[in-house]
Amino acid sequence: MNNARLPAIGITCYPSAGGSGVIATELGLNLARSGYTVHFISSSIPLRLQRYRQNVFYHQVDVANYPVFAHPPYTLSLASAMSEVAERYALDILHVHYAIPHAASAFLAQQMVGPQRLKVITTLHGTDITLVGQEPTFFPITRFLIERSDAVTAVSEFLKRETERVFGTTRPIDVIPNFVDTRHYRPDECRERRSWFATPDQKVILHASNFRKVKNVPAVIEVFARVQQEVPCKLVLAGDGPELPAVRDQVDALGLSETVEFVGHIDDLAELLPCADLVLLPSWHESFGLIALEAMSCGVVVIATDRGGTDEFIDDGTNGFLRDPEDVTGMADVAIRILHDDTLRKQMAEEARRDAVERFGARCVLKQYVALYDRVVGQGG
Ligand code: GMT
């Protein structure tokens, strides 16, 4: 173990926008503030890691290409980088976020360094289990990597159950939920920023995602099309992804282009979320739904999908709403009700903020990771 007797941690994640990268980066930054040495090992620098911070190091993975490769073997380059960093900085743990391919690289690195010296923790985030891992080509390796990690965490009870059901794994899974920096994501009247989108009499509805099919963005547009007939409002769409062109076409076809604002990818939504009166997240499934928690932390009411792990932090009718992603009418009805009733919206927003702070603040969830690290390092080495 390295100095101060705290384990030295290597973290690997997808560096681009996405909840798993955000959670991994925020976890590393919080660990570093608590005195841990944290080494990020990834294909490019994670978005929230751009400036120098004490105890935080970044190692870029160089992927060599060669004409015989149909695709450069990133998994192997990552494994080499992990083993080198682990040897050089005496890492105790490789903590990988999103199983594919990170857990495979960590497994290889562990074999190179020695399973007694280097432990592997895999955090399952969602589509690594619910979509990607179930592809026939990834299924056996995903199951193997879950079984062979020294510890596995899932971001919700739903994801834990789904992993055990689909993969039939026996490796115990710790549930450690997503968390939010409640000092950064906080309520703010943001009158000036709001005026960029809406007049004072208009409500602001917001959706933010990576515009993949699983996010069911067409339902956002359909809900908005109904709501704007009853309540003066604007829709702000933040993010980018493969479904964006189709969503633009849908907006044009419905004659909504004057009332829908596409703001593109925004690295940090803490300044935008509090401007909203309502956030929509009608995904086909969400293992957790970090954006909903971030909205709650900003004191904004959310209507989220009821498929997945959202009911582990959203209590329907108390601190937000849960609806079936196909139930456009139900989502529109509740949106109209909450946008008409300022008193109810304020009451639910306060409840949402309180729950985010008391149950899902970074400090509270960090303790669960720290306990896990202690347990895994204590398993022998
Ligand atoms: O698959 C995605 O949508 C992206 C993925 C990610 O890498 O950010 O999101 C998953 O992980 C987040 C962080 O744990 C969860 O909050 C999201 O619910 C989860 N996405 C899905 O389950 C669809």
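Going by the working numbering, the sequence shown opens with residue 5, and the numbers climb by one from there.
Beta carbons are placed, not taken as given, at the ideal position from N, Cα and C, and that holds for glycine.
Own chain residues within Cβ distance below 8 Å of residue i, not counting five before or after
{"i": "residue 80", "result": "109, 112"}
{"i": "residue 151", "result": "173, 174, 175"}
{"i": "residue 161", "result": "179, 313, 316"}
{"i": "residue 320", "result": "310, 326"}
{"i": "residue 267", "result": "240, 241, 242, 276"}
{"i": "residue 250", "result": "222"}
{"i": "residue 371", "result": "none"}
Same chain, Cβ closer than 7 Å to residue i, five either side skipped, listed in chain order
{"i": "residue 329", "result": "220, 223, 286, 287, 288, 309, 311"}
{"i": "residue 353", "result": "303, 304, 305"}
{"i": "residue 69", "result": "76"}
{"i": "residue 19", "result": "25, 46, 47, 48, 49, 50, 51"}
{"i": "residue 57", "result": "33, 36"}
{"i": "residue 255", "result": "225, 261, 264"}
{"i": "residue 62", "result": "44, 49, 53"}
{"i": "residue 323", "result": "300, 352, 355, 356, 359"}
{"i": "residue 134", "result": "166, 289, 291"}
{"i": "residue 273", "result": "212, 242, 298"}
{"i": "residue 136", "result": "104, 142"}
{"i": "residue 258", "result": "225, 229"}
{"i": "residue 1", "result": "Outside the shown range of the chain (5 to 385) lies residue 1, about which nothing can therefore be said."}
{"i": "residue 332", "result": "223, 226, 227"}
{"i": "residue 348", "result": "342"}
Contacts around residue i, its chain only, beta-carbon distance under 6 Å, and the 5 residues preceding and following it disregarded
{"i": "residue 127", "result": "101, 157"}
{"i": "residue 290", "result": "309, 312, 314"}
{"i": "residue 183", "result": "364, 366, 369"}
{"i": "residue 278", "result": "191, 192, 194, 302"}
{"i": "residue 96", "result": "5, 11, 12, 381"}
{"i": "residue 378", "result": "none"}
{"i": "residue 67", "result": "76, 78, 81"}
{"i": "residue 275", "result": "none"}
{"i": "residue 283", "result": "210, 299, 304, 306"}
{"i": "residue 87", "result": "113, 116, 117"}
{"i": "residue 28", "result": "15, 17, 101"}
{"i": "residue 7", "result": "Confidence is the limiting factor: at residue 7 the pLDDT is only 46, short of 50, which leaves the residue's position unreliable and the question unanswerable from this model."}
Supposed close pair residue i, residue j - CB separation, criterion 8 Å
{"i": "residue 60", "j": "residue 85", "result": "Not a contact, Cβ separation roughly 17 Å."}
{"i": "residue 366", "j": "residue 30", "result": "7 Å"}
{"i": "residue 265", "j": "residue 201", "result": "6 Å"}
{"i": "residue 227", "j": "residue 335", "result": "5 Å"}
{"i": "residue 316", "j": "residue 181", "result": "7 Å"}
{"i": "residue 376", "j": "residue 125", "result": "7 Å"}
{"i": "residue 23", "j": "residue 106", "result": "With a Cβ gap of about 15 Å, residue 23 and residue 106 do not count as contacting."}
{"i": "residue 327", "j": "residue 307", "result": "6 Å"}
{"i": "residue 90", "j": "residue 117", "result": "5 Å"}
{"i": "residue 269", "j": "residue 241", "result": "About 11 Å; that fails the 8 Å criterion."}
{"i": "residue 159", "j": "residue 138", "result": "Rounded, the Cβ-Cβ distance is 17 Å, inconsistent with contact."}
{"i": "residue 154", "j": "residue 383", "result": "7 Å"}
{"i": "residue 231", "j": "residue 280", "result": "Rounded, the Cβ-Cβ distance is 13 Å, inconsistent with contact."}
{"i": "residue 122", "j": "residue 98", "result": "6 Å"}
{"i": "residue 131", "j": "residue 218", "result": "7 Å"}
Cutoff 9 Å: residue i Cβ touching any chain B Cβ
{"i": "residue 285", "result": "Of the protein chains in this structure there is only one, and it is not chain B."}
query = Which whole runs of the beta strand (DSSP E) in the stretch 273 to 351 are 3 residues long or more, in chain order?
reply = 282 to 285, 305 to 309, 325 to 327, all fully within the stretch 273 to 351.
task = Pick out the complete beta strand (DSSP E) segments inside the stretch 73 to 113, 3 residues or longer, and give them in chain order.
result = For the stretch 73 to 113, whole beta strand (DSSP E) runs of length 3 or above, ordered along the chain, are 97 to 101.
key: Continuous beta strand (DSSP E) assignments of at least 3 residues falling wholly in the stretch 178 to 260   = Counting whole runs of 3 or more residues, the stretch 178 to 260 contains the beta strand (DSSP E) stretches 207 to 212, 237 to 242.
inquiry  = Across the stretch 35 to 44 and the stretch 8 to 18, are there enough close Cβ pairs to call them in contact, namely three or more that are closer than 8 Å?
reply    = In short, these stretches touch, since the Cβ pair count reaches three.
ask   = Fully enclosed by the stretch 132 to 175, which beta strand (DSSP E) runs are 3 residues long or longer?
value = The DSSP assignment places complete beta strand (DSSP E) segments of no fewer than 3 residues inside the stretch 132 to 175 at 155 to 158, in order along the chain.
ask   = Are there three or more Cβ pairs, one per stretch, closer than 8 Å when the stretch 238 to 252 is compared with the stretch 178 to 188?
value = Contact between the stretch 238 to 252 and the stretch 178 to 188 is absent, because fewer than three Cβ pairs lie under 8 Å.
ask   = Touching or not, the stretch 229 to 240 and the stretch 332 to 351, by the rule of three or more beta carbon pairs under 8 Å?
value = These segments touch.
message = For a minimum of 3 consecutive residues, which ranges assigned as the beta strand (DSSP E) are wholly contained in the stretch 8 to 57?
response = The qualifying runs are 13 to 16, 42 to 46.
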